[in-house]
Structures are given as structure tokens and as C-alpha cells.
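Colleague: Every position in the sequence shown, counted from 1, becomes a number in the working numbering once 491 is added.
Cβ atoms here follow ideal geometry from the backbone N, Cα and C, with glycine treated the same way.
Before I ask anything, let me first share the structure, which is written out below as C-alpha cells.
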Amino acid sequence: MSEIIVCRTMPLTATQADAALRRSIEINPANADGHRIVARSEIGRRGGPRRLTVAINHKWPTNGVRLSVQFLDNPEPELRRRILTHMNAWSKTANVSFAETRETGQVRIARLDQPAEVAGYWSYIGTQILGIDKDQPTLNLEGFTMNTSEAEFKRVVRHETGHTLGFEHEHMRRELVAKIDRRKAVAYFDRTQGWTEQETLDQVLTPLSKKSTLGTTEADALSIMCYQIPGAITKNGKAIAGGRDITKKDFQFAGKLYPLSTKRADAASQPQETSKPKARAKSPLQDGAAGRDTFHIVVLTPFEYEEPQASQPAASKAEKRPQFLRVLASYAGARVEAAMRVSSKGAAAAKGKPAGPTRFGSIIGMHERIKTYTNLGKGTLPNKEQLAAFGSDLFEALFRDKVLRLYDEARSRQHGGRLDIVFTSMVPWIAEKPWEFAYDRARASFLATGETHFVRNVLTGVPADFIAPSLGPLRILVVSAQPSGYGLLSIERETQLIEDSFAPLKKAKLAQVELLARATPAKVHAQLSSGAFNVVHFIGHGDFNEDTQEGSLIFEDDDGGAAVLKQSAACELFCQRGINLVFLNACRTGTGGRAEFNKGVAQALVAHGLPALVANQYSVLDSSAAHFAQYFYWALSQGKTIGQAACEARIAVNCLPQREIIDWAVPVVYARDPATVLCEPPQSQTAAPGTT
492 MSEIIVCRTM PLTATQADAA LRRSIEINPA NADGHRIVAR SEIGRRGGPR
542 RLTVAINHKW PTNGVRLSVQ FLDNPEPELR RRILTHMNAW SKTANVSFAE
592 TRETGQVRIA RLDQPAEVAG YWSYIGTQIL GIDKDQPTLN LEGFTMNTSE
642 AEFKRVVRHE TGHTLGFEHE HMRRELVAKI DRRKAVAYFD RTQGWTEQET
692 LDQVLTPLSK KSTLGTTEAD ALSIMCYQIP GAITKNGKAI AGGRDITKKD
742 FQFAGKLYPL STKRADAASQ PQETSKPKAR AKSPLQDGAA GRDTFHIVVL
792 TPFEYEEPQA SQPAASKAEK RPQFLRVLAS YAGARVEAAM RVSSKGAAAA
842 KGKPAGPTRF GSIIGMHERI KTYTNLGKGT LPNKEQLAAF GSDLFEALFR
892 DKVLRLYDEA RSRQHGGRLD IVFTSMVPWI AEKPWEFAYD RARASFLATG
942 ETHFVRNVLT GVPADFIAPS LGPLRILVVS AQPSGYGLLS IERETQLIED
992 SFAPLKKAKL AQVELLARAT PAKVHAQLSS GAFNVVHFIG HGDFNEDTQE
1042 GSLIFEDDDG GAAVLKQSAA CELFCQRGIN LVFLNACRTG TGGRAEFNKG
1092 VAQALVAHGL PALVANQYSV LDSSAAHFAQ YFYWALSQGK TIGQAACEAR
1142 IAVNCLPQRE IIDWAVPVVY ARDPATVLCE PPQSQTAAPG TT
């Protein structure tokens, strides 16, 4: 019989230990009771640099914890779901939950088998995980695959999850440590771990205080937190088998520590006020979208710059216009690259011919035509055939060669469902083009309303705030501002339409809408500081300064004049406040800077961690904007994903009798993950707006 791999304590550096101590007490003051710090050397390095193993309480707040989970080595979806299912086994009696994220997770799982110091089964304890470098795992499951037995999933995954929840080793109890023979233990760990006698004393033979173990009244050798103690080190030569699954006592203690009756809170926060929206994170098996692969397509920086003509002054590389951009696509672990031609001058010159129009030149021309019509009221919009041709140019610019083949493969795997697509551009003048119009001529459908859920993202190093689906009503703060000197928007009409469309949802207690008219920045700040809202819907004006390449939102001042809120201040106002979605129904809020692609208000908010956002890329009819919002919120309240809600809202706009041909594609939807859900599905579905 092969030797059972047992859990081992992961060491912290002195700096990490000090920070972990402070953080644990900040998160839960009760953690200050009962702690000790022991030292050890790394495995196989007797007498080498000593590291600290902190045996301190690292419990989460008593109002519960929801943690996002990232799989660092991108295992197959079935394995991710299986692991998460066993992690969420603790939620049977405890107010805890784990949900997968495609961004940087609070819990980061790896399956490392080398080097020795990170191999095996281990997890940092409780709040310790918040201090580990973001590119490093917090939990390791060496060699786990779908072929691993169910018994081993129960024994290992549930044990390591217990550590993540702040539970320490039950076999460090005084009653169990007393059964270990000191001489045998020193020899055993010298041979297997390379520990000195003192290190074995610290790690194995020094019992933890009762306050820092599971907290039951007596040692439980069958607890899931008790790993096997080999017979080679016990006084009577008999092994202590250890726990194989969560016991009744384990469940009782977990429920006592994180009672289900308490509302779920953010991992690093104090308990929520009763006015805040109730929320819990889903088990991945409850959400069909969880674990589903997303098709990511990214436009990268340019290459093969054109050389300036002899008659022109020398230009720097940044001033030269590129001939090609690189398009990178990824899906289900596959990554491919293709070229996007944006200029034909270099190729034409090489052949001694004048440069002709390119596909991208046609894209730019149609984009400018639409802007001229929507912003200045001049010219005409494209007809149906011209719009399809425009969309085809957009599609074929992105989906070429290997990228197109990967897209076809990804779509074929959906089995009747829609493929999630996330579009990101590192090139600002590419990002500003209306990719929502992309049209797959072979399928005769626009991506944003056809067989895909099409959303955007921005390049950012800030992880998105974690979203837990709301258990209660969708809480929407509708903010309106109409300062003097700005063109009139139909604020009263749109807010009334929103209230009317939410009437059945409010009656069913699925949504609550609060209006803040004549909004000043201070009034909005006061409302959001309460933490009572998870959605902000802004009706007003936005602007974009072409010189500074910075966006802004226009609020009112105390005298009814304009109060310009620049995008940096907007980020402070809306980000990291528990807001899951901001809907900017304001002119030009979807515009990005040409010199810096995160310079628009929309892009800046997303780049600073806002999970989801909707903004307009052109001026749009008030009726179309309101109708999109109605259907978008209705779909979200029914438990649909952001991608699904956006698709339904676009289709709803297309059904309006009075609309412009482009209105359905004017809203730009940003989300890190199109499969994100803001609301739990209600027990009974509510009719869509306009159907009752």
C-alpha cells in the first residue's frame, strides 16, 4: 500500500507573519486570543534559514465568508467543478461559500509536485491567504485529476478547505500529541523531512492551545482536520487513522463559528448592516455558466511600421502608422495569433502601385459617418445592407486564419448555447471602433445578438471586485443631473419608464429603485457610502477632452450649474463600494482616449476594478436607451448572466417600432466575465417589460 500523503504546514517569512498577525486581528478582533509563533527550516535544509510557522487564530468574521477561487493551471472544467463542490461541502451548516473567478482569486489552487517545498497537500490558514503574493498558490492539491478517487477528494479537498476557513490541525491537540513517542518522531522527521530535533518539537510535539484548534471539548481523531499519525511515531505502534470526511462534530463547530443565520459578508470586512443587499456566492453546479470557457480576443500592439516618405520629416516610431496589428485569441487553453492589416501603403509601395482602400479604411469611414449623424445630425445612417457590410468588415478584421478556426471550434462546442466572447484592445483607436456591429456573414448574424454573448474588457492590473449574486432585490440608485447650459435630456421620461418597467419586479420584491434627482457629487457620495446599493444608473451628460484625453461626468452644483467630475474622481466615487454595475446613460461616456486606452470614464472605472459597466459609444434616442435599460435590468433580476442580459436587451431594442437602425449596438457592455450573475434566479419568473 502506498504511503498516504498528509498535509503539512506552510511557513511564512518573518515579514509575512507580522503582516498576517495584524491583518487577522483587523478582520476579526477575536483572533488576538491565543497564538504562538514557532520556527523551522525549509525541508531538507537542516540548520538552514529558519522560517516562521504562525499558529495563530486566522478565522474570518463570524458573519461568514465568501471567497473567490482561481485555478492557476487551468484544469478541465469538470475537475474545477468537482473541487469546488467539495470545498462548498462546508456550507451545509456554515455561512461560507466558494465561487470560481477568471480573475485573480482570493483562494488560488495549484497542483504542484515540485519543487519539494511546495509539493504535496497544503493550504495557508484562514486570513493568511490575503497576504500571499497574487501569482502564488494558497492551496495545493498535488496530482489531483478526475481519476483521483472520491474518497481522496473528501479526505484532502475538504481538509485543505478547512484550513482556508481558519481551522487548524486536530492532531496537534494535547490528547493526541501525548500518544506520540518523542524519540521515534525525531528520527522519523529527520529521515523524511530533514528536520532538526527542535523543529520536530515545534512542528509535531508542541500542542496548540485549545483556543487555536477546532474548539470542540475533546480531541476528535476522526475529524476531517485530523490527518493520519503514522504508527512509526506512536508509543503503542498503532497509527491514528485520521478523518476521512467532515464529521458531525466538524459540521457543528463550523456552523457555530460561521452561523448560517448571519448574512454573508465580504471576506475582509466587518458584518454588513441590515440595509445592505443580501448576497451569497453560488456553488458552481448551481450556475450553468460557471466553469464554462470564454473566448478571449485581444488586439495587441502594432508591428511593421510604415516609413515616412522622403518629402516628410523623420518620424519617431510612435508617430508612424502601423501596417499590421496582432490579434491574439484564446479558448479552452488554446492560444493562436493572426495579423490584422490596417494599412496597405507599405505593401503597395513595394509593388510600385498607389495604395488603395483597405478594409480598415472602410471601417473608419463608416464609423465617422455614424458619428457625424448622431453627434451633429448631418448625413444619413447606413441602410440594412450597408450595416451588414460594415459588420462583415469588422468581423473579418478580427477573425482571420487561426483565430477564425479557433472561433469556429469554440462555437461548435456550445451545443446550442451561446459562446461568451470578451474583446480587449491595447490600441486606443482600435478600441473606439463599434465592434458590437461585427457581423458573421457565414452565419448571417451579428455577434452581439446572434450566437454569442459579446462584451468588452480593458487591459488592467487591477482584479475586478468579487460579485456574489444578490439574494434580495436588485438595489438600483438612479442618479439624474441636468445642469444649466447643457442640452435637455428626457430625464423625467427615462426615470418614469424605469419605474414603470420595474413595477412588477418591485411588487415581487425582486428590485428596489431609488431616485436621486438634481444630483451633486456630494449627494451621490452620501448615498453610496451607506452601502445599500449594488447598481448605479446615471442619467445625464458626459464629456471627453480631446486635448487631455480624459473623460468626465457632468453633475450639478448647489446652484444648478455644472459640476465636472473627472474620471479619477469618478473612480473614487464608484469603485470598491460594493457596486456591481454602473450604467452610464450619458453622451460620450463610452469614448476612450487615443493616447491612452483607459482614459474614458467607462474604461477608467472598469480598469479600477468595477465588475460590470454599460456606456454609450454614440448619442442614442432616449426611448431606445430607456428600453435597453428596462430589459437589461429585468434580465439581471431573473438570474441571467451579464452576457445574456445584454443580448436580450439588444434584441428588445430591435423590436421597437420607433428606433434608429444602429440603436441596439450603441450600448457598450464591459465585464471581466460575461457569465457573471448579479441576482439569484427568483422562485417564479416575472414577465418581461411590455408583455403584461
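1. Tell me, please, which residues DSSP counts as bridged to C1170.
2. Exposed or buried, H1028, counting other C-beta atoms within 10 Å across all chains shown (16 or more means buried)?
3. Alpha carbons only, please: which of L910, T506, Y1109, W1125 is nearest the one belonging to T943?
4. Determine the direct distance from the alpha carbon of A610 to that of A1166, and round the result to whole angstroms.
5. Pick out the complete beta strand (DSSP E) segments inside the segment 1037–1076, 3 residues or longer, and give them in chain order.
6. Is P954 near T655, with beta carbons less than 7 Å apart?
7. Quick one: grab the DSSP three-state call for P540.
8. Looking only at C-alpha atoms, which of N1107, Q1149, P1148, L895 sits nearest to N1076?
9. Could you have a look at G1022 and say whether DSSP puts it in helix, strand or coil?
10. Check whether the Cβ atoms of E927 and A1156 sit closer than 7 Å, and answer yes or no.
11. Excluding sequence positions up to five away, which residues of its chain have a Cβ less than 7 Å from the Cβ of P1180?
12. Output the boundary residues of the alpha helix (DSSP H) element that contains A585.
13. With 16 other CB atoms within 10 Å as the buried threshold, where does M578 fall?
14. Determine the burial state of E659: buried for a count of at least 16 other Cβ atoms within 10 Å of its Cβ, exposed for fewer.
15. Where DSSP assigns a beta bridge to M831, which residues make up the other side?
16. Is the segment 582–594 close to the segment 611–622, with three or more CB pairs under 8 Å?
17. Any contact between the segment 715–734 and the segment 569–576? By contact I mean 3 or more CB pairs, one from each, below 8 Å.
18. Rounded to the nearest angstrom, what separates G824 and N565 at their Cα positions?
19. For V1160 and S1110, what's the separation of their Cα atoms in angstroms?
20. At which residues does the beta strand (DSSP E) containing W613 begin and terminate?
21. Give the DSSP-derived three-state secondary structure of D931 in the structure shown.
22. For R1085, collect the residues of the same chain with a Cβ closer than 6 Å to its Cβ; drop the 5 residues on either side in sequence, then sort them by chain order.
23. Examine the Cβ distances between the segment 1137–1155 and the segment 1027–1046 and report whether three or more of them are shorter than 8 Å.
24. Please state whether the Cβ-Cβ distance between T1177 and L996 is less than 7 Å.
25. List the residues that DSSP assigns as beta-bridge partners of D911.
26. So E651 is in the alpha helix (DSSP H); what residue range does that whole segment cover?
27. State the Cα-Cα distance for the pair A879 and M857, rounded to the nearest angstrom.
28. CB-CB under 8 Å to L1007, same chain, minus the five flanking residues each way: which ones, in chain order?
29. To test your reading of the DSSP string, which unbroken alpha helix (DSSP H) runs of 4 or more residues are found completely within the segment 1102–1131?
30. Quick check: the Cα distance between L751 and W551, rounded to an integer number of angstroms?
31. Any idea what DSSP makes of N866, helix, strand or coil?
32. In angstroms, rounded to a whole number, what distance separates the CA positions of L563 and S903?
33. Can you grab the Cα-Cα spacing for the pair N866 / D1113, in whole Å?
34. Pop quiz: I1022 and G1069 are said to be a contact at Cβ under 8 Å. What is the actual Cβ separation, rounded to whole angstroms?
35. Please classify K747 as buried or exposed, where buried requires at least 16 neighbouring CB atoms within 10 angstroms.
36. Output needed for V560: all residues of its chain with C-beta closer than 6 Å, excluding positions within five of it in sequence on either side, in chain order.
Modeller: According to the structure data:
1. For C1170, which the question treats as bridged, DSSP gives the partners S961.
2. Per the 10 Å Cβ criterion, buried.
3. Across the set L910, T506, Y1109, W1125, the C-alpha of L910 shows the shortest separation from the C-alpha of T943.
4. In this model, A1166 and A610 are separated by some 33 Å (Cα to Cα).
5. The beta strand (DSSP E) runs lying completely inside the segment 1037–1076 and spanning 3 residues or more are 1041–1047, 1053–1057, given in chain order.
6. No, they are not a contact pair.
7. Residue placement at P540 cannot be trusted, given a pLDDT of 35 that sits under 50; the coordinates are not used to answer.
8. Nearest option by C-alpha distance: N1107.
9. Three-state DSSP puts G1022 in coil, outside helix and strand.
10. By the CB criterion at 7 Å, E927 and A1156 fall inside the cutoff.
11. Cβ neighbours of P1180 beyond the five flanking positions: S992, Q1121, Y1122, W1125.
12. Segment: none, A585 is in no alpha helix (DSSP H) and carries neither H nor E.
13. By the neighbour-count criterion, in which 16 or more other beta carbons inside 10 Å mark a residue as buried, M578 falls on the buried side.
14. Here E659 is buried, its C-beta having at least 16 other C-beta atoms within 10 Å.
15. Answer is L816, bridged to M831.
16. In short, these stretches do not touch, since the Cβ pair count stays below three.
17. No, the segment 715–734 is not in contact with the segment 569–576.
18. If you take the alpha carbons of G824 and N565, they lie about 7 Å apart.
19. The straight-line gap from Cα to Cα measures roughly 15 Å.
20. Element bounds for W613: 612–614.
21. DSSP places D931 in the strand class (E or B) of the three-state scheme.
22. Any answer about R1085 is weak, because its pLDDT of 36 lies below 50 and its placement is not dependable; what the coordinates show is given next. Within the same chain, and ignoring the five residues on either side of R1085 in sequence, the residues whose Cβ sits closer than 6 Å to its Cβ are P919, W920.
23. The segment 1137–1155 is not in contact with the segment 1027–1046.
24. Between T1177 and L996, the CB-CB gap stays under 7 Å.
25. Bridge partners of D911: H944.
26. Going by DSSP, E651 is part of the alpha helix (DSSP H) stretching over 649–655.
27. So the two alpha carbons sit approximately 12 Å from each other.
28. The answer, listed in chain order, is L968, V969, V970, S971, K1014, V1015, Q1018.
29. Counting only runs of 4 or more, we get 1113–1128.
30. Taking the straight line from one Cα to the other gives about 14 Å.
31. It is helical.
32. Straight-line Cα distance between these residues: approximately 26 Å.
33. Taking the Cα positions, N866 is about 14 Å away from D1113.
34. Here residue 1022 is Gly; the residue named in the question, Ile, does not match the sequence. Indeed, because the Cβ distance is near 5 Å, the residues count as touching under 8 Å.
35. K747 should be labelled exposed.
36. Excluding residues within five positions, the ones whose Cβ falls inside 6 Å are F589, E591, G596, V598.
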